[in-house]
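Protein chains in written order, with the working numbering: chain R, 1 to 239; chain D, 1 to 388.
Think of the CB as a built atom: it goes at the ideal place given N, C-alpha and C, for glycine as much as any other residue.
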Amino acid sequence: MPDPARPAVVELRGVSKEYMRDKTPVPVLKDTDLDIPQGDFVAVMGPSGSGKSTLLNLVAGLDRATTGTVTVAGQELGELSESKLTRWRSHHLGFIFQLYNLMPVLTAFENVELPLLLTSLSRRERAEHVRTALKIVGLQERHDHFPRQLSGGQEQRVAIARALVNDPVLLLADEPTGNLDSTAAQEIMDLLQQLNEEFDKTIVMVTHDPRAARRARRMLHLEKGTFVETEVDALEARR
Amino acid sequence: MKFLPYILRNVMRNKLRAIFTGMSIAVSLFLVTVLYAYINVQDETGEKTKQFARIVVTAKQGLTFPVPIAHVDKVRALSGVEAAVPLSWFGGKYQDEKIPFGQFATDPEQINTVLSEYDVKPAELAAFKADRGGCLVGSRAAEQRNWKVGDNIVLKGDIYPVTLELTINGIFTSESSTDQLESLWFHFTYLDELLKKDRSRQAGNAGTIFVKAASPDNLGDLMDRINETFKHTDAPVRAVTEQAFRQMFTEMLGNVQAYIRNVALAVVISLMLVAGNAMAMSMRERTREVAVLKAIGFTRFIVLSLVLVEAILIAMIGGAVGVLGAKLLFAMRDIVFRGIPGISGFYVPWSTVIFGMALAAMIGLFSGIVPAWRAAQVSVVDGLRKVV
Chain R
1 MPDPARPAVV ELRGVSKEYM RDKTPVPVLK DTDLDIPQGD FVAVMGPSGS
51 GKSTLLNLVA GLDRATTGTV TVAGQELGEL SESKLTRWRS HHLGFIFQLY
101 NLMPVLTAFE NVELPLLLTS LSRRERAEHV RTALKIVGLQ ERHDHFPRQL
151 SGGQEQRVAI ARALVNDPVL LLADEPTGNL DSTAAQEIMD LLQQLNEEFD
201 KTIVMVTHDP RAARRARRML HLEKGTFVET EVDALEARR
Chain D
1 MKFLPYILRN VMRNKLRAIF TGMSIAVSLF LVTVLYAYIN VQDETGEKTK
51 QFARIVVTAK QGLTFPVPIA HVDKVRALSG VEAAVPLSWF GGKYQDEKIP
101 FGQFATDPEQ INTVLSEYDV KPAELAAFKA DRGGCLVGSR AAEQRNWKVG
151 DNIVLKGDIY PVTLELTING IFTSESSTDQ LESLWFHFTY LDELLKKDRS
201 RQAGNAGTIF VKAASPDNLG DLMDRINETF KHTDAPVRAV TEQAFRQMFT
251 EMLGNVQAYI RNVALAVVIS LMLVAGNAMA MSMRERTREV AVLKAIGFTR
301 FIVLSLVLVE AILIAMIGGA VGVLGAKLLF AMRDIVFRGI PGISGFYVPW
351 STVIFGMALA AMIGLFSGIV PAWRAAQVSV VDGLRKVV
């Protein structure tokens with residue numbers, strides 16, 4: 001259960017999302033309320049088309065709710081213009097994608113440095129941040145490797161370092177183990193768990209993988225745009 | 001600047017495509033640079049001739065009509081004239097050369113006063129004046145044919161039905177590499193005697209008269225007086241400044257400058273399409289990466305700028321190869337184009353290099369606008385869904 005003493009990083013109030021398909025509105029999320037406090041690690045599960053990715057996109061400010069409000073780190077995202085929202089993301093969010101989405105032309109170091117190019121940090125300060133992030137994910141030795149020279153698990157760790165490097169308040173992971181074998185998937189989940197427990201990072205993870213979901217503190221189940229079960233304390237279940 | 005390494009990596013992301021695009025820009029801008037250099041050299045040379053205060057007298061009907069040689073003395077007699085010489089293009093063939101170099105029948109007594117930018121050793125000039133069958137050759141003409149003082153050469157007439165047998169009395173040089181050092185001067189009287197012997201109707205006529213005014217001021221007045229002097233004769237003339245004469249000479253080929261500008265414009269437009277297509281292809285392949293950039297905080301403006309700078313860089317690299325290649329090639333013209341006549345005075349001015357590079361930047365900018373705009377508009381959600 002969320003700790004009421006900790007401030008909510010994510011607040012969804014009456015959020016609905018509809019897409020238009022052939023001029024017909026198709027509801028994806030229906031009147032959803034959600035609170036995710038600081039330091040929480042939430043796994044969102046559900047079948048394809050249940051609205052998981054839409055939920056993640058709304059929390060990330062990549063998409064806008066049809067109705068309701070999405071507030072992240074105290075900022076109501078609907079109030080921000082497109083460019084302000086983009087800048088806001090660079091300071092508050094870290095993204096981890098299923099397909100890693102590293103820039104193939106950049107080394108691990110340069111990929112991790114990418115979000116820092118948007119800050120006013122000096123080159124030396126940027127290098128320090130990057131080295132720290134790569135150290136956390138255990139890839140400081142591979143800093144000069146290009147993505148093609150890394151395994152899938154290593155690529156995902158570089159992607160996690162990129163998501164971390166700005167010290168965001170919220171990490172959003174979209175199927176982070178979906179493209180990995182079970183060993184690499186376990187390593188990635190170990191890392192995410194470590195980030196949550198040791199670094200107090202708030203994480204929202206969308207996954208199909210029950211094993212991955214069990215590593216979170218809480219599991220939420222979405223079906224046809226609605227949370228069908230109340231929160232399951234995954235950490236307790238795991239214990 | 002901090003984005004530059006990323007941009008450079010993207011430039012070389014698909015090496016083959018980058019090389020082909022860059023080379024198409026390089027080759028085309030090489031041609032445009034050479035064509036524009038031609039215009040600029042004409043302009044610069046024309047400007048330079050102002051200091052020599054020279055007037056060129058041709059037949060009023062045009063350059064292809066003769067000017068009687070008797071006109072030369074009448075021009076010399078006018079006040080404000082320092083010197084005047086006939087200058088007739090002989091256009092003879094030397095050995096197996098297909099294109100004749102500049103061979104001019106002139107007056108040895110005053111030629112170096114009129115064309116004062118050329119340096120001739122006094123002894124060689126004196127020998128030239130004293131030798132009716134003698135000639136002076138430009139240093140580049142001599143170098144290209146391994147001529148030295150004392151050599152005998154034969155020029156077979158094409159326009160004139162006579163053959164000249166000449167002895168090289170000296171070699172003239174010039175401080176400016178753009179001067180006509182690929183020329184040869186010989187005695188007008190020698191040519192005229194041969195023509196008279198041959199009973200040619202061309203005898204007694206000069207092609208043009210080059211006049212050196214005593215002062216660069218009042219050239220207009222002197223030209224008016226020259227025109228007036230021959231107005232009511234059988235052979236009226238037209239006196240123009242040397243600058244205007246050069247321009248007129250060029251325009252005999254038609255409106256060359258307009259042709260060049262139109263060709264250059266067509267090349268630039270086609271290049272924009274080629275480079276734009278390559279850039280659009282590149283960006284289509286990177287839709288997902290653009291979506292990631294936007295997800296992690298790169299604004300539309302930054303994405304737009306990154307793509308535009310990339311497009312400009314590709315075009316500038318190609319442009320540098322083409323434009324500076326042209327500059328370098330013609331700087332080494334004596335080695336590269338050895339033996340090819342007509343190249344000796346040609347060069348690529350820095351103004352043309354700057355123009356060429358600006359053109360390259362413009363090609364890059366315009367070729368990048370559409371792909372950059374489309375990249376900036378990529379929706380993060382749709383872009384991340386795209387699997388290339």
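Terminal residues of the alpha helix (DSSP H) in which D:R132 lies: That residue, D:R132, is in no alpha helix (DSSP H); it is neither H nor E in DSSP.
Boundaries (first-last residue) of the alpha helix (DSSP H) holding D:Q257: 256-285
Delimiting residues of the beta strand (DSSP E) encompassing R:G68: 67-72
Beta-carbon spacing of R:R217, R:D40 below 8 angstroms: It is a contact, given that the beta carbons lie within the stated cut-off.
Beta-carbon contacts of R:Q154 that lie in its chain and below 7 angstroms, excluding the five residues immediately before and after: L139, R142
Beta-carbon spacing of R:N179, R:H91 below 8 angstroms: no
Contact list for the segment 141-160 of chain R against chain D, Cβ threshold 9 angstroms: none
Beta strand (DSSP E) runs wholly inside the segment 4-85 of chain R, at least 3 long, in chain order: 8-21, 24-37, 41-45, 67-72
Backbone CA spacing between D:T352 and D:L313 [nearest angstrom]: 20 angstroms
Below-8 angstroms beta-carbon distance, R:N240 vs any chain D residue: Look at the range of chain R in this structure, 1 to 239, and you will see that residue 240 of chain R is not part of it.
Contact set for R:L195: own chain, Cβ-Cβ below 8 angstroms, skip 5 residues either direction: I136, I160, L164, L171, K201, I203
Any 3 or more C-beta pairs closer than 8 angstroms across the segment 64-81 of chain D and the segment 200-212 of chain D: yes
Same chain, Cβ closer than 6 angstroms to D:L87, neighbours up to 5 away in sequence not counted: F104, T106, T208, F210
Same chain only: Cβ atoms within 7 angstroms of D:T113, ignoring 5 sequence neighbours per side: E82, A83, K212
Three-way DSSP call (helix, strand, coil) for D:V388 in this model: Its pLDDT being 42, under 50, D:V388 is placed unreliably by the model, and the measurement read from it follows with that caveat. Coil at D:V388, not helix or strand.
Chain D contacts made by the segment 99-110 of chain R, where a contact means CB separation under 9 angstroms: Residues of the segment 99-110 of chain R with a C-beta less than 9 angstroms from any C-beta of chain D: L99, N101, L102, M103, P104, V105, L106, E110, listed in chain order.
Cutoff 6 angstroms; reference R:F109; Cβ partners in own chain excluding five residues on either side: V130, H143
Whole-angstrom distance between R:L62 and R:E76, CA atom to CA atom: One C-alpha to the other measures close to 13 angstroms.
Given D:D151 as reference, the closest of D:E165, D:I159, D:R140, D:S215 once Cα atoms are compared: D:E165
Simplified DSSP assignment, three categories, for R:K224: coil
For R:E198 and D:V388, the rounded distance between their alpha carbons: Model confidence at D:V388 stands at a pLDDT of 42, short of 50, so the residue's coordinates are unreliable and nothing is read from them.
CA-to-CA distance, D:V292 to D:V274, given in whole angstroms: Rounded to whole angstroms, D:V274 to D:V292 spans 28 angstroms at the Cα level.
Three-state class that DSSP yields for D:L87 in the structure shown: In this structure, D:L87 counts as strand in the three-state DSSP scheme.
DSSP three-state assignment for D:E47, whether helix, strand or coil: helix
Closest Cα partner of D:E242 within the set D:K129, D:L29, D:A295, D:K50: D:K50
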